[in-house]
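In what follows, a structure is listed as structure tokens, so that the remarks can point back to it.
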Amino acid sequence: MTISLSKTKFMVTISIIMVCSLCLASITGTVIAQKSGYAVENYHLLNDVTLDGTWTTPIEWADAEERQIDGDLNAIFRVKKIVEAVTAPPAPVTQYILIEFFDDTTNDAGDYLQICLAATFSVGTDLIGGTSPQDDCFKWDYVGHTETGLSSYSGDGAAWIASTYGSIQIKDTLGTSPLSDTPHWIVEVRILGFDGYGQGSPRWIRIAAYDESNAGAGVQAWPAGSADVPDDWGQLEMIPEFIPEFASWMILPMVAMASFAIIIVRKRLTKNGTPT
Ligand SMILES: [Ca+2]
Ligand SMILES: [Ca+2]
Ligand SMILES: [Ca+2]
Numbered sequence: 000m001t002i003s004l005s006k007t008k009f010m011v012t013i014s015i016i017m018v019c020s021l022c023l024a025s026i027t028g029t030v031i032a033q034k035s036g037y038a039v040e041n042y043h044l045l046n047d048v049t050l051d052g053t054w055t056t057p058i059e060w061a062d063a064e065e066r067q068i069d070g071d072l073n074a075i076f077r078v079k080k081i082v083e084a085v086t087a088p089p090a091p092v093t094q095y096i097l098i099e100f101f102d103d104t105t106n107d108a109g110d111y112l113q114i115c116l117a118a119t120f121s122v123g124t125d126l127i128g129g130t131s132p133q134d135d136c137f138k139w140d141y142v143g144h145t146e147t148g149l150s151s152y153s154g155d156g157a158a159w160i161a162s163t164y165g166s167i168q169i170k171d172t173l174g175t176s177p178l179s180d181t182p183h184w185i186v187e188v189r190i191l192g193f194d195g196y197g198q199g200s201p202r203w204i205r206i207a208a209y210d211e212s213n214a215g216a217g218v219q220a221w222p223a224g225s226a227d228v229p230d231d232w233g234q235l236e237m238i239p240e241f242i243p244e245f246a247s248w249m250i251l252p253m254v255a256m257a258s259f260a261i262i263i264v265r266k267r268l269t270k271n272g273t274p275t
């Protein structure tokens, strides 16, 4: 009987440990926004991305944090990343971004998307910041839903200059997604080559989108403000974990599994008097 009680206690302890460790994994670091109130958690990728401008699977982007883009139109973006395993920093980062512009249902030559990123060059280095594009600032314009409309820039301290630093891939389609049944622009972005990313240091991001058919609504941007002013961008917070929502989805099945194991032990005790 002593042995059976220990076994039951062991199962209860294990289930408590499992739940507690999942809860702890959900607690994320301090959020410090570059522009007050603007931060997005950049979690590790759980679900692979096929860059085709659609939700290739129903969970392709379920593991990424989402923000509503400022402006009167309905548009969101999600971010997640892969940090390559290396023996010494800096670790190369592959950044993924999903943009869904629910209110843009039209294919216009003047539609555009704009992505700005500020990336540290080495571990422990602060971003330069300020009111003009700096050496650590990068910008991509994607005009008219075509590869020929893609332009890359980096800052020189005063303005944007043409650049090939960092490699970007963009695919977009006018279609439906798990987020909306109405056909709208869905954009998938992969940015490679930021081997200057310093693990643990902050990064900034700004996402903007424009629908030519909704010109009166102007540019939709997160954060609202100028692309040329890095101090107005939001924080892209590097989180060395998977998104907590995913962890919480896992808690229920794991608790159920642990409870089931306890029931089995108890049933065997009832039947045989001793555990088998
Ligand atoms: Ca996809
Ligand atoms: Ca909006
Ligand atoms: Ca449009």
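Under numbering that gives the first Met the number 0, the first residue of the sequence shown carries the number 0, and numbering increases by one thereafter. Backbone N, C-alpha and C fix where the C-beta goes; we use that ideal spot for every residue, glycine too.
Residue interval of the beta strand (DSSP E) (run including residue i)
i, result
"E59", "E59 -> no beta strand (DSSP E), and no H or E assigned at all."
"F137", "C136 to V142"
"E64", "E64 to Q67"
"G154", "L149 to G154"
"E99", "V92 to F100"
"L112", "Y111 to A117"
"E40", "A38 to H43"
"I81", "A74 to V82"
Minimum C-alpha distance to residue i - residue among the options
i, options, result
"G148", "Q113, T130, I190 and A158", "Q113"
"G36", "R66, E59, I167 and W54", "R66"
"G215", "L72, D107, T56 and V39", "L72"
"S225", "P243, R205, D171 and E211", "R205"
"A207", "V48, E99, G174 and E59", "E99"
"G70", "P222, P91, P177 and V82", "P222"
"I127", "A157, P91 and V188", "A157"
"D110", "I185, V39 and S166", "I185"
"N46", "S151, A63 and Q33", "A63"
"Y152", "H144, W139, T145 and G143", "W139"
"N41", "A220, W54 and L116", "L116"
"P243", "H43, K34, V85 and A38", "H43"
"V92", "F241, V218 and V82", "V82"
"T55", "K170, M237, A161 and F137", "K170"
"P239", "A90, P57, Q33 and T172", "A90"
"D227", "V39, W203, T130 and E146", "T130"
"D51", "Q234, V218, A118 and R189", "R189"
"G154", "T53, Q234, M237 and P229", "P229"
"I58", "M237, H183, W203 and P177", "P177"
Any non-hydrogen atom of ligand 2 within 8 Å of residue i CB
i, result
"L72", "yes"
"Q219", "yes"
"D69", "yes"
heavy atom of ligand 3 below 8 Å from residue i C-beta
i, result
"T105", "yes"
"E211", "yes"
"D171", "no"
"D110", "yes"
"W203", "no"
"W184", "yes"
Contact with chain B by residue i, beta-carbon distance below 9 Å
i, result
"D69", "Absence of chain B from the displayed structure is noted, only one protein chain being present."
- Query: Can you list every residue whose CB sits closer than 7 Å to some heavy atom of ligand 1, going in chain order?
  - Reply: A Cβ closer than 7 Å to some heavy atom of ligand 1 marks a residue here, and those residues are V48, T49, L50, D51, G52, T53, W54, T55, E59 and E187.
- Those runs of the beta strand (DSSP E) which lie wholly inside the segment 162-233 and span at least 3 residues: Counting whole runs of 3 or more residues, the segment 162-233 contains the beta strand (DSSP E) stretches 166-176, 179-193, 202-209 and 219-221.
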